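Student: As they're listed, the protein sequences go chains A and B. All residue numbers for the first sequence refer to the numbering used here, where the first residue is 1 and numbers rise by one. All residue numbers for the second sequence refer to the numbering used here, where the first residue is 1001 and numbers rise by one. The C-beta atom is built at its ideal place from N, Cα and C for all residues, glycine as well. Predicted, not measured: the structure shown is a model, and the values here were computed from it. The structure that follows is given in the form of structure tokens.
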Amino acid sequence: MTSELARWLKPITSLKLTIFCLACAMVLVFVGTLDQVHIGVFEAENRYFKSFFLFFTPPHTDLRIPWFPGGYIVGSLLLVNLIAAHIARFRLSWKKAGILLLHSGLILLLVGQLFADLFVDLESQMRLDQGQTKNYSESLYYDELAVIDTTDPDSDRVISIPDSRLHHGSKIDLPVDALQVVVNEYYSNSALISQDQLPSPNYPHLRVGPMAVAVQLEKTYKENERNLPSAGVSIFQNGQLIGTWSLAAGFPRPVSFQVGGKGYQIVLRPKRFYKPFAVQLLQFRHDRYAGTDVAKNFSSRIRLLDPAKHEDRESLIFMNNPLRYRGYTFYQAGFDNNDTTTVLQVAQNPSWLVPYISCGLIVVGMLLQFGMHLFSFVKRRVIA
Amino acid sequence: MADTHSDTGVSPVIVVGPRARRPCHDHGRDARVTQGGMPGSRRSRHLPVSRILLAYAAAFALVSCNNDKIEVYLIPKQGVTVAMQSGSAGLQPPPPSNPAKWVKPEGWNEQPLSEMRLGSFKVDGPNATSGDVSVTAFPGDAGGLAPNVNRWRSQLQLPALAEDQLQQSIQRIEVGGVPTYLVDIQTPENAPKPARILGAVLDTSDRVWFVKMTGSPDLIESQREKFLDFVKSFRFTAVTDGQAPETGSSNKPKSTNDK
């Protein structure tokens, strides 16, 4: 039994596997960096590193054929290889202490990053006008079609449909009230223009309001641009049509409707991540060096409101001084509206300390290993 | 695995390499068959890549996480803010969600809503005719009373009237404290398709509501009372939400990383 297991594990401890993985990693980094020019950082990260395989689509088909291992496979193979090699050749001795520490640091780093990647919220942004209070942050890349049950006087029930489910012709069954959303049209990126700016009356568009229409745009991968989708949707209950609306994420106004005595709203907007607490912007400061326009400091004085934890305190967020609260980290990222609006970057990374600890382990391991070699070398020279 | 020693009572040890008592041409076969055997024995040199890939394909299938899930969660009651994303400044804000209540008369069938219509009803009349009732609202003064009434007149092939002439044909009432203007217009005599419009224009503080019923003259006559009751049942809730869209910034938000 164990010999069978050993036979399976033996190739995993092989140094050849390590070399293979490192070579794959080099290829991924090289090709990914080149492709980033066209598709932007976020997309490149998702395609090359946060994936199991690189896929190839033959022309005129919808097939996705894996042709190269992606970041997850290469990373996890390296991790397993390192751990297995240690188990197979485990020899606790002082001579090996340096290498053990070094490799432990490396293992911790890989595991920590894998954990952060798989289980953690995306980075999001909280945009606050002076005096505004928000208990949610918004995604920079993803949108949602939110159907909100507003019947209860104390709370709203949000049903969030990710934009990856929205395609021309999709039929989505909601888990409540036998509601069904049918997507009649979906533009993954769109621009809002006035009706008379259409090239022709028959040009495909969605009427988003009395004056505004949405026209389809190519999806953008540029750093500073955000895709703003628009959708034409219909809601059915038990097969009966309740209403048809055109919605635009660029102008997210919730549309109310009633179904069977219950009040609902539907809206297409950037994906929201609600927090159990609220943040209020008291004042944003953009200090400049006297007499110049060069920025000296950006800071947001905010108020943190968390009734459950009896928190009601002020805090100052400025460059390199984020607010860490309940697993979230709020960084000063941007500003708008003539310095009256602040943009905070919200990150959630429970393993944020892991890179520090693992780098520490690696440094100590290296010092130990090379120190021991140096010491024995010096000793030999002295004797000789 | 060829193990020809078991019948001689020797424990079935995996025999590797050119041990004695084996015909020469069996060496190659034994070497291939007995991979990763006893330590110290001559092992096959190549990596069983197929086994590794199989293991990972299995792991992949298990771990494929689905980010397409629909999430359902509760949040404390929100005030509705209509915020404009930068880049679409300069557009008229569309009418906000429905802060009006009304009482639907008997016999009026609710119809699917649309972005223009906040209320939509169909009324069945005699001789298989039907009437259509719409409720819409537009911010500000929505262009003014006269242009809108003239728009309805043009739908019935009637000529437009000047402001002062219109004032004579409009009936003024109050609905829940809101000034309301009632209009009753009909296609001209001997029109090929006789039609009649009953209209009510309700002038609230932040927007103008239009309630319009269209149908054949007979149907409208039979529904006139119900239409008036419907209009009189309108009650407007206070607008508590921050409706003003964030004006300004046709520029994108600046980053603190910009030079």
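(1) Tell me which residues share the same chain as Val378/A and place their Cβ nearer than 8 Å to its Cβ, disregarding the 5 neighbours each side in the sequence.
(2) Could you check whether the region 1193-1200 of chain B touches the region 1215-1224 of chain B, counting it as contact only if at least three pairs of C-beta atoms, one from each stretch, sit closer than 8 Å?
(3) From which residue to which residue does the alpha helix (DSSP H) around Asp1164/B run?
(4) Can you check which of these residues, Asp1124/B, Gln1111/B and Glu1225/B, is closest to Asp1184/B by C-alpha distance?
(5) Assess, as a yes-or-no matter, whether the region 1109-1117 of chain B is touched by the region 1128-1136 of chain B under the definition of 3 or more beta carbon pairs within less than 8 Å.
(6) Is the beta carbon of Asp149/A closer than 8 Å to that of Asp143/A?
(7) Using a beta-carbon distance below 8 Å, is Ala1138/B in contact with chain A?
(8) Measure the beta-carbon distance from Ser190/A to Leu217/A and round it to whole angstroms, keeping in mind my assumption that it falls under 8 Å.
(9) In or out: Gly98/A buried (at least 16 other Cβ within 10 Å) or exposed?
(10) Could you tell me which residues DSSP pairs with Gly1199/B in its beta bridges?
(11) From Ala146/A to Ser256/A, what does the alpha carbon distance come to, in whole angstroms?
(12) Within the same chain, show all residues whose beta-carbon is closer than 7 Å to that of Val158/A, passing over the 5 residues directly before and after it, in chain order.
(13) Within the same chain, show all residues whose beta-carbon is closer than 7 Å to that of Lys171/A, passing over the 5 residues directly before and after it, in chain order.
(14) Kindly indicate if chain A contains any beta-carbon less than 8 Å away from that of Asp1141/B.
(15) Using the beta-carbon of each residue, which ones in chain B are nearer than 8 Å to Ser230/A?
(16) With DSSP run on the structure shown, which of helix, strand or coil describes Phe318/A?
(17) May I have the straight-line CA-CA distance separating Ala295/A from Gln332/A, to the nearest angstrom?
(18) Is DSSP giving Leu110/A helix, strand or coil here?
(19) Which of the residues in the region 323-344 of chain A, read from start to end, lie with their CB under 8 Å from any CB of chain B?
(20) Tell me which residue opens and which closes the beta strand (DSSP E) that Ala88/A is part of.
(21) Short of 7 Å Cβ to Cβ, which residues in the region 253-282 of chain A face chain B?
(22) Secondary structure at Leu1118/B, three-state DSSP: helix, strand or coil?
(23) According to the neighbour-count rule (16 or more other Cβ atoms, all chains shown, within 10 Å of its Cβ), is Met26/A buried or exposed?
(24) What does the Cβ neighbour count give for Arg1029/B, buried or exposed, with the cut at 16 atoms within 10 Å?
(25) Buried or exposed, going by whether 16 or more other CB atoms sit within 10 Å of the CB of Phe251/A?
(26) What's the call for Gln265/A, buried or exposed, on a 16-neighbour Cβ count within 10 Å?
(27) Relative to the alpha-carbon of Asn320/A, which residue among Ser299/A, Phe335/A, Leu304/A and Tyr328/A has its alpha-carbon at the smallest distance?
(28) Along chain A, which residues have their Cβ under 7 Å away from the Cβ of Asp1068/B?
(29) Identify the contact partners of Lys1101/B in chain A, using a Cβ-Cβ distance below 8 Å as the criterion.
(30) Using a 10 Å radius around the Cβ and a threshold of 16 neighbouring Cβ atoms, would you call Glu1110/B buried or exposed?
(31) Going by DSSP, what residues sit across from Ile1075/B in a beta bridge?
Tutor: Taking the coordinates as given:
(1) Position 378 of the first sequence holds residue 378/A. Contacts found: none.
(2) The region 1193-1200 of chain B and the region 1215-1224 of chain B touch, with no fewer than 3 CB-CB distances between them shorter than 8 Å.
(3) As a working mapping, residue 1164/B is identified with position 164 in the second sequence. Under the DSSP assignment, Asp1164/B falls in the alpha helix (DSSP H) whose first and last residues are Glu1163 to Ser1169.
(4) By one-based count along the second sequence, residue 1184/B stands at place 184. Out of Asp1124/B, Gln1111/B and Glu1225/B, Glu1225/B has the C-alpha closest to the C-alpha of Asp1184/B.
(5) Segments in contact, yes.
(6) Working through the first sequence from its first residue, we reach residue 143/A at position 143. Working through the first sequence from its first residue, we reach residue 149/A at position 149. No, the pair does not count as a contact, with Cβ atoms beyond the cut-off.
(7) Start at 1 with the first residue of the second sequence, and residue 1138/B comes out as number 138. Here residue 1138/B is Phe; the residue named in the question, Ala, does not match the sequence. At a cut-off of 8 Å between beta-carbon atoms, Phe1138/B makes contact with chain A.
(8) For this step, residue 190/A is matched to residue 190 along the first sequence. For this step, residue 217/A is matched to residue 217 along the first sequence. 6 Å between Cβ atoms; contact.
(9) To locate residue 98/A, count along the first sequence from 1; it is residue 98. With 16 or more other Cβ atoms from the protein chains shown falling within 10 Å of its own Cβ, Gly98/A counts as buried.
(10) Here residue 1199/B corresponds to residue number 199 of the second sequence, with the count starting at 1. Answer by DSSP bridge pairing, in chain order: Val1183/B and Lys1212/B.
(11) As a first step, residue 146/A is located in the first sequence; it is residue number 146 there, counting from the start. As a first step, residue 256/A is located in the first sequence; it is residue number 256 there, counting from the start. If you take the alpha carbons of Ala146/A and Ser256/A, they lie about 12 Å apart.
(12) The residue given as residue 158/A occupies position 158 in the first sequence. Hits under 7 Å: Ala146 and Ile148.
(13) The count along the first sequence starts at 1 and reaches residue 171/A at position 171. For Lys171/A, where only same-chain residues beyond five positions count, the Cβ hits under 7 Å are Gln180 and Val182.
(14) Locating residue 1141/B in the second sequence gives position 141, counting from the first residue. Taking Cβ atoms only, chain A never reaches closer than 8 Å to Asp1141/B, which makes this a no.
(15) Here residue 230/A refers to the residue found at position 230 of the first sequence. Correct list: empty, because the minimum Cβ distance to chain B is about 11 Å.
(16) For the purposes of this step, residue 318/A is taken as the residue at position 318 of the first sequence. For Phe318/A, the three-state secondary structure derived from DSSP is strand.
(17) Residue mapping note: residue 295/A aligns to position 295 of the first sequence, counting from 1. Residue mapping note: residue 332/A aligns to position 332 of the first sequence, counting from 1. Near 14 Å, if we compare the C-alpha coordinates of Gln332/A and Ala295/A.
(18) Position 110 of the first sequence holds residue 110/A. The answer is helix: DSSP assigns Leu110/A an H, G or I state.
(19) So the close ones are Gln332, Ala333, Gly334, Phe335, Asp336, Asn337, Asn338, Thr341 and Val343.
(20) For the purposes of this step, residue 88/A is taken as residue 88 along the first sequence, with counting starting at 1. Ala88/A -> not in any beta strand (DSSP E); alpha helix (DSSP H) instead, spanning Gly71 to Ala88.
(21) Listed by position along the chain: Arg253, Pro254, Val255, Ser256, Phe257, Gln265 and Tyr274.
(22) Along the second sequence, read from residue 1 onward, the residue named residue 1118/B stands at position 118. In the structure shown, Leu1118/B sits in coil (DSSP, three-state: anything other than H, G, I, E or B).
(23) Position 26 of the first sequence, counting from 1, holds the residue named residue 26/A. Under this definition Met26/A is an exposed residue.
(24) Taking the first residue of the second sequence as 1, we reach residue 1029/B at position 29. The pLDDT assigned to Arg1029/B is 43, lower than 50, so where the model puts this residue is not dependable, and the model offers no usable value.
(25) Taking the first sequence and counting its residues from 1, the one referred to as residue 251/A is at position 251. Result: buried.
(26) By one-based count along the first sequence, residue 265/A stands at place 265. A buried status is given to Gln265/A, since no fewer than 16 other beta-carbon atoms sit within 10 Å of its beta-carbon.
(27) Translated into positions along the first sequence, residue 320/A becomes position 320. Nearest of Ser299/A, Phe335/A, Leu304/A and Tyr328/A to Asn320/A, Cα basis: Ser299/A.
(28) Walking along the second sequence from the start, residue 1068/B turns up at place 68. Below the 7 Å Cβ cutoff, chain A contributes Pro162, Ser164 and Arg165 as neighbours of Asp1068/B, in chain order.
(29) Position 101 of the second sequence, counted from the first residue, corresponds to residue 1101/B. For Lys1101/B, no chain A residue has a C-beta closer than 8 Å to its own C-beta; the minimum C-beta separation is roughly 11 Å.
(30) Position 110 of the second sequence, counting from 1, holds the residue named residue 1110/B. Exposed: under 16 other Cβ atoms inside 10 Å.
(31) Sequence index remark: in the second sequence, residue 1075/B carries index 75 (1-based). DSSP output for Ile1075/B lists Asp156/A as bridge partner(s).
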